[in-house]
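**Q** Just passing along the structure, written as structure tokens.
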Amino acid sequence: MSTSMTPPTPAHPRAGAGRAARGDRPVVTAAPPGTPQSPLEASTRRTRWTVTFLLAVAMLWTLVPLVWMLLSSFKNRMDVTSASPQVLFAPTLDNYRNLFTGSNNLGPYIWHSVLAAGISALLAVCLGALAGYGLARTRMRGKKHLAFWIISTRMAPIAAIVVPLFLIFRGLGLIDSIPGLVLAYLTFNLPFAIWLMSAFFAEVPPSLEESALVAGCTRWQAFRTVILPLTKSGLVTTFVLCLVFAWNDYAFAVVFSGPNSQTLPIAASQLVTQTGIDWGQLTAIGTIVVVPMMLAGLAVRRWLVTGLTLGAVTGE
């Protein structure tokens, strides 16, 4: 009895078309090592390297002057005024010591800056939060025009504001006083705080405070217990920015301050005289001005980054 073997039938060419029609996808394998990159991958790689290079250049542009100022504040007079840059030197604290001794006592200037900048930033945040909340929740015609008018007062040149404010402050007896500096700083901090906080409050869903109202809270309780905790990053961001603006101000301080209220920028300008410039003390006082604001920014960087990336800088 003989046994016959039937050869396997070859796959019909339409079988592949049938599988494709049923939705079967071909298996995609990774490209072997050494395969040239596609134009899209090469372009993405070049873009990434370009962005990294630009960020490195921007960081060097920002940090090198600050580091050089910090190093110069620890140099003696010979090293600071040397024609060739002195990278290796014997550090000294004479520049800082001279700022707090004799007639160059920097203590009152620091205290005046802390009071004027701190109080004005705190008032700007408190008033800006109230006004910004009302601006964000109020429905009325011309709301966007009102918001733009508020921030446009911040855009006005200082030269156009100084003379009217000086006449008003002189009539009220606010020249050469901390309250006068606080009010002067509020003229450009408060519009910025209102505009910034209104955008933060606009990001909070109104249904949250409506739920609080239904639960029995008053409007003020809903604002204090529900809305403010949700915009904590906005409050911190606004406070830090207002503090930096007031701390670094020179134009208002030189007009409205006097012997009893002069701030750190005024003390720095007094080191530039007709007889010369004391570069050692000038870099030391520059370090004293810059370092506190850098430390404040680093301390609240988590809230600061969250606030600046929340979309609040777009305004309403």
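In full-length UniProt numbering, the protein residues as written are 1 to 316. Glycine included, each C-beta is placed from N, C-alpha and C at the ideal position. On a predicted model such as this, the values are computed, not experimentally measured, just so you know.
1) According to DSSP, is V162 helix, strand or coil?
2) Rounded to whole angstroms, what is the Cα-Cα separation between P91 and L282?
3) Taking E209 as the reference, give the member of P191, W195, L230 and L190 with the closest Cα.
4) Quick one: Cα of A202 to Cα of A136, how far?
5) Could you give the distance in angstroms between the alpha-carbon of M293 and the alpha-carbon of V204?
6) Give me, in chain order, the residues of the same chain whose beta-carbon lies closer than 7 angstroms to that of I150; leave out the 5 immediate sequence neighbours on both sides.
7) Buried or exposed for K232, going by 16 or more other Cβ atoms inside 10 Å?
8) Would you say the segment 111-130 touches the segment 238-253, given that touching needs at least three Cβ pairs under 8 angstroms?
9) Helix, strand or coil for G173? Go by DSSP, reduced to three states.
10) Decide if V163 is buried, meaning its Cβ has at least 16 other Cβ atoms within 10 Å, or exposed.
11) Quick one: residues in its chain with C-beta nearer than 7 angstroms to the C-beta of T153, no 5 flanking neighbours on either side, listed in chain order?
12) Strictly by DSSP, which residues pair up with V272?
13) Whose CA, out of L55, F256 and A212, lies closest to the CA of L183?
14) Determine the direct distance from the alpha carbon of V125 to that of D79, and round the result to whole angstroms.
15) Classify H112: buried if its beta carbon has 16 or more other beta carbons within 10 angstroms, exposed otherwise.
16) Residues in the same chain with beta-carbon distance under 8 angstroms from D176, minus the five sequence neighbours each way, listed in chain order, please.
17) Given a cut-off of 8 angstroms on the beta-carbon distance, is the pair A58 and L243 in contact?
18) Should residue 339 be labelled buried (16 or more other beta-carbon atoms within 10 Å of its own) or exposed?
19) On a Cα-Cα basis, can you pick out the residue from L99, A251 and S211 that is closest to A160?
20) Please tell me whether V290 and L66 are closer than 8 angstroms, where the distance is taken between their beta carbons.
21) Check whether the Cβ atoms of S73 and T287 sit closer than 8 angstroms, and answer yes or no.
22) DSSP three-state call for S82: helix, strand or coil?
23) Using a Cβ-Cβ cut-off of 7 angstroms (strictly less than) and excluding sequence neighbours within five positions of W303, which residues of its own chain qualify?
24) Sorted by chain position, which residues of the same chain lie with C-beta nearer than 8 angstroms to G171's C-beta, five sequence neighbours on each side aside?
25) Where P179 and H145 are concerned, what is the direct C-alpha to C-alpha distance, given to the nearest angstrom?
26) In whole angstroms, give me the CA-to-CA distance for A53 and S82.
**A** Based on what the coordinates show:
1) helix
2) 16 angstroms
3) L230
4) Cα-Cα distance, rounded: 5 angstroms.
5) 29 angstroms
6) P191, I194 and W195
7) exposed
8) yes
9) Here DSSP, grouped into helix, strand and coil, assigns G173 to coil.
10) Looking at its Cβ environment, which holds fewer than 16 other Cβ atoms inside 10 Å, V163 is exposed.
11) Hits under 7 angstroms: P191.
12) Answer is I277, bridged to V272.
13) F256
14) Roughly 44 angstroms separates the two Cα atoms.
15) buried
16) F256, S257, G258, P259, N260 and S261
17) no
18) Residue coverage of the chain in this structure runs from 1 to 316, which leaves residue 339 outside it and unanswerable.
19) A251
20) yes
21) yes
22) In this structure, S82 counts as coil in the three-state DSSP scheme.
23) K232, S233, V236 and T237
24) Answer for G171: no residue qualifies.
25) Cα to Cα, the separation comes out at about 31 angstroms.
26) For the sequence presented, residue 53 should be read as Phe rather than Ala. Roughly 32 angstroms separates the two Cα atoms.
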